[in-house]
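Numbering (UniProt numbering), first residue to last: 1 to 201.
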């Protein structure tokens with residue numbers, strides 16, 4: 001059982017770290033201290049739900065409907081492209097320091113909606129959580145323990161991003177730092193959108 005747990009922890013941890021759009025968005029929220037724990041918690045919940053669904057057969061249904069992945073692919077391209085444009089626009093204008101009240105804060109509802117979109121409009125998330133991870137989990141001695149390990153990886157990773165980004169906010173509150181951060185986020189979002197558009201799934 002321990003081996004299954006550790007396999008889920010390590011393998012799924014590596015996959016979660018590689019999903020760049022989600023990580024970049026949560027990091028930006030954490031540095032702004034803008035409902036970042038809510039965003040991180042939503043990502044944890046989404047991962048745990050997808051891991052569990054994948055292990056209980058949703059992957060077979062997804063394989064039977066390849067057109068659904070193509071629809072998600074192009075929705076992801078459009079949405080990630082829009083996020084990239086917004087980030088580049090912010091980088092070109094610069095920002096004021098992250099002092100309370102100096103930046104118009106978005107509502108919790110708006111932040112959670114964007115978090116869900118970043119998470120669910122990336123087809124790579126489904127390929128990883130509903131296809132790849134179940135294929136690995138099916139080979140483990142205990143599937144439930146494997147899912148527990150995968151879920152632990154998600155909780156630890158997004159918790160680390162939320163805490164680390166918030167802790168570094170005073171250091172990264174300078175306008176130049178925010179130009180760099182927004183530029184990086186823009187490049188990340190644009191790169192993933194282009195990969196989805198031209199590289200497919």
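A virtual CB, placed ideally from N, CA and C, is assigned to each residue, including glycine.
Here the structure is a predicted model, which is why all the values come from computation and not from measurement.
- Here the stretch 108-117 does not lie against the stretch 5-14, with fewer than 3 beta-carbon pairs under 8 Å apart.
- By the neighbour-count definition (other C-beta atoms within 10 Å, threshold 16), residue 56 is an exposed residue.
- With contact defined as three or more Cβ pairs closer than 8 Å, the stretch 81-93 and the stretch 161-169 are not in contact.
- Fewer than three Cβ pairs drawn from the stretch 75-83 and the stretch 169-180 lie within less than 8 Å of each other, which leaves the two stretches out of contact.
- Straight-line spacing of the CA atoms in residue 36 and residue 153 works out to 18 Å.
- With a beta-carbon spacing of about 5 Å, residue 143 and residue 137 fall inside the 8 Å limit used to define contacts.
- The continuous alpha helix (DSSP H) containing residue 143 extends over residues 143-168.
- Going by DSSP, residue 187 is part of the alpha helix (DSSP H) stretching over 175-194.
- Between residue 123 and residue 179, the gap from beta carbon to beta carbon reaches 7 Å or more.
- Relative to the Cα of residue 31, the nearest Cα in the group 168, 141 and 44 belongs to 168.
- Judged by DSSP secondary structure, residue 129 falls outside any alpha helix (DSSP H); it is assigned neither H nor E.
- Shown here for residue 116: same chain residues with a beta carbon closer than 7 Å to its own, the five before and five after excluded, namely 42 in chain order.
- Across the structure, residue 119 and residue 140 are spaced so that their CA atoms are roughly 27 Å apart.
- Our two residues, residue 132 and residue 186, have alpha carbons roughly 28 Å apart in a direct line.
- Collapsing the DSSP output to three states places residue 35 in coil.
- In the structure shown, residue 107 falls within a coil segment according to DSSP collapsed to helix, strand and coil.
- Here residue 40 has 26, 158, 159, 161 and 162 as same chain residues with Cβ atoms under 7 Å from its own Cβ, once five neighbours each way along the sequence are excluded.
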